[in-house]
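See structure below.
Protein chains in written order, with our numbering: chain C, 9 to 420; chain G, 9 to 420.
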């Protein structure tokens, strides 16, 4: 397959690629304690087994009353109610609130039977031992959180596919749901290729370089909720690569190969990936910088990604492809959009029409807001990204940005 | 100490509180493998032990040449160079490039001694077996990544206090740095109080509620890089609370107590926190909604936080106080600002002048961009936050927002 027959816009490429994925998540499910489910993807919808709150609660410190007993009350013409007692926190009132009666209640405490409102302490005066003056009328329901006001039993409270945040952990536990079914983390095999690449812990000979991509990609996969499986460093040798990629394909949910940087090494990666099954390689070459020599495919139920060997290209393209792929095979539904930092460019940035450009920038505070300083490095070496705080995306219909323009920075 | 003598604006409160922290991080250090250091805070600056790249590399597939041999070359008047051989990936050229000579090199491969430029394959033609035509002149340095172009030996590449991202992991490993000294994760003790609160795994009796805050706060602490220590649920009993808080103070880097919701329970929390040491309680009451009954203090080297019992208030205030406190005691320097999502409000939102308001909103896509729908819940119950995708901050000098206004949403 010759390289770059047609460069595909990244947005179109991603859509075509995702359409070729299996419709359903390909990972299994597991039951985990809710307290350990942070950031996991819920595999089943959750229905409330009981109301929340489970009883009427006071929303202020004050007196639980029948609202009608307070109508017309004012500081000059108070309503006088009989104080029947206090509802201790965590306990039930010993009696009901009948006509002309009141109970002292605390915020979060139970509102006794019969009462339908709470008058704030500030609007009352305890004059005699068993009597309280009400200085302001209360409407029915006032300062009371009704049972089921947050959640009613049988209500669908969480959908399958959401990623659990601190508030969902709390909501589930509030309902006594202490275990939840979540999707397993997708296993993402990462293989590095290149005769020049050696493990990071070895001392490279002249002409050799240490493996960067395996580890930057593993970190990215972990952040995205995947489970990276490092397949090691492979020589630029067809049969060896094929064997390793087939093994990865059989044992993981996504296969990622970072190709060597030369055209022949990239071509070998594409040929190997096209052997794994239907529909095979779908995209070979993106109209994007960095990251043009990207390969996207699907073999059976497993998405395939061939990344450029350049560490910056690999990381940028991984963010655009592997992250949504992990979400998709792992059952995660579309999430909230990522936030951006509005900043002012400090330098001109050239860009070719018809190409998506991603420019690393360093953010700096200024009295007028954030400044985005482009980090140029002619060869996209790894420290280009180390020096950067985020990226600016230049869409294909824009030919460059001028110093002083306002841009949206995607923080790393 | 009477409650709310003076409500302090949250920004001022945070600044006063952080000024009372020890100047240096209070956590220890540990040596961890670089491959496992994602999101950890670097404890020592890192200096490059060697150059990156460590040898001159070709940036394209082509011919390594002496630039001067190509001057004036064109397709109609090519320069003819003697092809001495090929530099295999990961290896050293067998000889030098002398005048009138060239070596075939691949992207990422070593540029042989004597060569100072690489001519792209597209600008050449291999006519005879040991000869290559050069159709375009190369400038010295063209298509060559010089040794040390990314990093020079002795260069300060990373500062102490940065949080390691995928690119830093890659950059460190590229230099052969396989272990790094990082700060330990700050231990954050979390104590829940309230006679009405029972553990999430128990069945509450009427009047009781399950503990939410311990778990939402633990999740938040984990996300912020801290190590939550759950101190359990304490009754509203002074001596019991004091004993538990003293034990937490002695064994953790930050102490958090979620107070009962009633005024007396909050007051008890403030009194206990003020016993732990100097300077003691610094702030009692913030001009913020939700979260007015917040307590901030420092005892010795340990920051103290008293949070409102309401789960939404607790989570909002924790984000504003515990997250920066974890960064500070844990040695993390100011990071990149969090991104925002620009959206259009779908409803009016009231706000009092002189108060910071945080409004939960749900984000919805529309053809005109994101819409932010306020999630109102009169009592800030936990599912208010479950239904929300982020928060809108209304600063104290703004009295409410109108439907249709453009707002910056802080995604959760």
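The C-beta atom is built at its ideal place from N, Cα and C for all residues, glycine as well.
Checklist entry - Given residue 132(G), which residues of its chain have a CB within under 8 Å of its CB, disregarding the five upstream and five downstream residues? => result Position 124 of the second chain holds residue 132(G). 70, 71, 140, 141, 142, 143.
Next on the checklist: If we require 3 or more residues per run, which beta strand (DSSP E) segments fall completely within the stretch 235-320 of chain G?
Outcome noted: Every beta strand (DSSP E) of 3 residues or more that sits fully in the stretch 235-320 of chain G is shown, in chain order, as 235-242, 262-266, 287-292, 303-307, 310-315.
Next on the checklist: So with CB distances below 8 Å, who are the chain C contacts of residue 17(G)?
Outcome noted: For this step, residue 17(G) is matched to residue 9 along the second chain. Within 8 Å Cβ-Cβ: nothing; residue 17(G) doesn't reach chain C, min ~21 Å.
Item to check | Where residue 257(G) falls, given that 16 or more other Cβ within 10 Å makes a residue buried | outcome: Stepping through the second chain from its first residue, residue 257(G) is reached at position 249. Buried, by the Cβ-count rule.
Checklist entry - Under a Cβ-count criterion, where at least 16 other Cβ atoms within 10 Å of its own Cβ denotes burial, should residue 358(C) be classed as buried or exposed? => result Along the first chain, read from residue 1 onward, the residue named residue 358(C) stands at position 350. That one is exposed.
Item to check | Beta-carbon gap between residue 313(C) and residue 323(C) smaller than 8 Å | outcome: As a first step, residue 313(C) is located in the first chain; it is residue number 305 there, counting from the start. As a first step, residue 323(C) is located in the first chain; it is residue number 315 there, counting from the start. The Cβ atoms of residue 313(C) and residue 323(C) lie no closer than 8 Å to each other.
Item to check | Minimum Cβ-Cβ distance from residue 394(C) to chain G less than 8 Å | outcome: Reading the first chain from its first residue, position 386 is the one you call residue 394(C). Chain G places a beta carbon closer than 8 Å to that of residue 394(C), counting this residue as a contact.
Item to check | Distance, residue 264(C) Cα to residue 311(G) Cα | outcome: Against the second chain, residue 311(G) aligns to sequence position 303. Against the first chain, residue 264(C) aligns to sequence position 256. Just so you know, the alpha carbons of residue 311(G) and residue 264(C) end up roughly 45 Å apart.
Item to check | Enclosing alpha helix (DSSP H) for residue 444(C) [first to last residue] | outcome: The first residue shown for chain C is 9 and the last is 420, placing residue 444(C) beyond what the model contains.
Item to check | Presumed contact (8 Å Cβ cut-off) between residue 348(C) and residue 416(C), rounded CB distance | outcome: One-based indexing of the first chain puts residue 348(C) at position 340. One-based indexing of the first chain puts residue 416(C) at position 408. Sure, about 4 Å apart at Cβ, within 8 Å.
Checklist entry - So, are the CB atoms of residue 117(C) and residue 66(C) less than 8 Å apart? => result For the purposes of this step, residue 117(C) is taken as the residue at position 109 of the first chain. For the purposes of this step, residue 66(C) is taken as the residue at position 58 of the first chain. Contact: yes.
Item to check | Cβ contact (3+ pairs, closer than 8 Å) linking the stretch 334-343 of chain C and the stretch 23-38 of chain C | outcome: Cβ pair count under 8 Å is three or more, so yes.
Next on the checklist: According to DSSP, simplified to helix, strand and coil, what is residue 174(C)?
Outcome noted: Taking the first chain and counting its residues from 1, the one referred to as residue 174(C) is at position 166. Note: residue 174(C) maps to helix in three-state DSSP.
Next on the checklist: Please classify residue 388(G) as buried or exposed, where buried requires at least 16 other C-beta atoms within 10 Å of its C-beta.
Outcome noted: Numbered from its first residue, the second chain carries residue 388(G) at position 380. Classification for residue 388(G): buried.
Checklist entry - Which parts of the stretch 29-94 of chain G are runs of the beta strand (DSSP E), unbroken and 3 residues or longer, counting only runs that do not cross its ends? => result Runs of the beta strand (DSSP E) inside the stretch 29-94 of chain G: 37-41, 70-73, 87-94.
Checklist entry - Can you list, in chain order, the stretches of the beta strand (DSSP E) that have 3 or more residues and sit fully within the stretch 325-358 of chain C? => result Whole beta strand (DSSP E) segments, 3+ residues: 349-353.
Checklist entry - Is the shortest distance between the beta-carbon of residue 389(C) and the beta-carbons of chain G less than 8 Å? => result Here the question's residue 389(C) lines up with position 381 in the first chain. Yes, residue 389(C) counts as interfacial toward chain G.
Item to check | residue 54(G) versus 403(G), 292(G), 168(G), residue with shortest Cα-Cα distance | outcome: Stepping through the second chain from its first residue, residue 54(G) is reached at position 46. Considering only alpha carbons, the answer is 168(G).
Next on the checklist: At a CB distance below 7 Å, what residues from the stretch 331-348 of chain C approach chain G? Give them in sequence order.
Outcome noted: For the stretch 331-348 of chain C, the set of positions with a beta-carbon nearer than 7 Å to some beta-carbon of chain G reads 344, 345, 346, 347, 348 in chain order.
Checklist entry - So, is residue 251(C) buried or exposed, given that buried needs 16 or more other C-beta atoms within 10 angstroms? => result Locating residue 251(C) in the first chain gives position 243, counting from the first residue. Flag for residue 251(C) reads exposed.
Item to check | Expected contact under 8 Å - CB spacing of residue 293(G) and residue 22(G) to nearest Å | outcome: Within the second chain, numbered from 1, the residue matching residue 293(G) stands at position 285. Within the second chain, numbered from 1, the residue matching residue 22(G) stands at position 14. Separation of the CB atoms of residue 293(G) and residue 22(G) is rounded to 14 Å, and the pair is thereby denied contact status at 8 Å.
Checklist entry - Any idea if residue 211(G) is buried or exposed, counting beta-carbon neighbours within 10 angstroms, 16 or more meaning buried? => result For the purposes of this step, residue 211(G) is taken as the residue at position 203 of the second chain. The residue is exposed, with fewer than 16 neighbouring Cβ atoms inside 10 Å.
Next on the checklist: Quick check on the burial criterion: 16 or more other C-beta atoms within 10 angstroms. Buried or exposed for residue 121(G)?
Outcome noted: Stepping through the second chain from its first residue, residue 121(G) is reached at position 113. Around the beta carbon of residue 121(G), fewer than 16 other beta carbons lie within 10 angstroms, which makes this residue exposed.
Next on the checklist: Looking at residue 248(G): is its Cβ nearer than 8 Å to the Cβ of residue 315(G)?
Outcome noted: For the purposes of this step, residue 248(G) is taken as residue 240 along the second chain, with counting starting at 1. For the purposes of this step, residue 315(G) is taken as residue 307 along the second chain, with counting starting at 1. Not in contact: residue 248(G) and residue 315(G) (Cβ atoms no closer than 8 Å).
Checklist entry - Using the beta-carbon count (16 or more within 10 Å), is residue 85(C) buried or exposed? => result Working through the first chain from its first residue, we reach residue 85(C) at position 77. Exposed, since its Cβ has fewer than 16 Cβ neighbours within 10 Å.
Item to check | Residues from the stretch 41-53 of chain C in contact with chain G, defined by Cβ distance under 7 Å | outcome: Cβ contacts with chain G: 43, 46.
Checklist entry - Going along chain G, which residues have a C-beta under 8 Å from residue 63(C)? => result Here the question's residue 63(C) lines up with position 55 in the first chain. Residues of chain G passing the Cβ test: 214, 215.
Checklist entry - Expressed to the nearest angstrom, what Euclidean distance is found between the alpha-carbon atoms of residue 203(C) and residue 320(G)? => result Taking the first chain and counting its residues from 1, the one referred to as residue 203(C) is at position 195. Taking the second chain and counting its residues from 1, the one referred to as residue 320(G) is at position 312. Residue 203(C) and residue 320(G): Cα-Cα distance of roughly 55 Å.
Item to check | Sheet register partners of residue 97(C) (DSSP bridge) | outcome: To locate residue 97(C), count along the first chain from 1; it is residue 89. Per DSSP, none; premise fails for residue 97(C).
Checklist entry - What is the rounded straight-line gap between the Cα of residue 240(C) and the Cα of residue 199(C)? => result For this step, residue 240(C) is matched to residue 232 along the first chain. For this step, residue 199(C) is matched to residue 191 along the first chain. Residue 240(C) and residue 199(C) have their C-alpha atoms some 6 Å from each other.
Next on the checklist: For residue 399(G), tell me which candidate among 282(G), 367(G), 353(G), 253(G) has the shortest Cα-Cα distance.
Outcome noted: Along the second chain, one-based indexing puts residue 399(G) at 391. Out of 282(G), 367(G), 353(G), 253(G), 367(G) has the C-alpha closest to the C-alpha of residue 399(G).
Checklist entry - Just curious, the alpha helix (DSSP H) that residue 390(G) is in, first and last residue? => result Locating residue 390(G) in the second chain gives position 382, where the first residue counts as 1. Segment 390-394, the alpha helix (DSSP H) holding residue 390(G).
Next on the checklist: Ignoring anything shorter than 3 residues, give me the beta strand (DSSP E) runs that lie fully in the stretch 116-202 of chain C, in order along the chain.
Outcome noted: For the stretch 116-202 of chain C, whole beta strand (DSSP E) runs of length 3 or above, ordered along the chain, are 125-128, 132-136, 139-142, 164-166, 187-191, 195-201.
Next on the checklist: Taking the beta strand (DSSP E) that residue 401(G) belongs to, which residues open and close that run?
Outcome noted: The residue labelled residue 401(G) in the question sits at position 393 within the second chain. Start and end: 398-402.
Checklist entry - Per the contact definition of three or more C-beta pairs closer than 8 Å, is the stretch 42-50 of chain C in contact with the stretch 151-171 of chain C? => result Verdict: yes, contact present.
Checklist entry - Going along chain G in order, which residues have a C-beta closer than 8 Å to the C-beta of residue 378(C)? => result Start at 1 with the first residue of the first chain, and residue 378(C) comes out as number 370. Correct list: 345.
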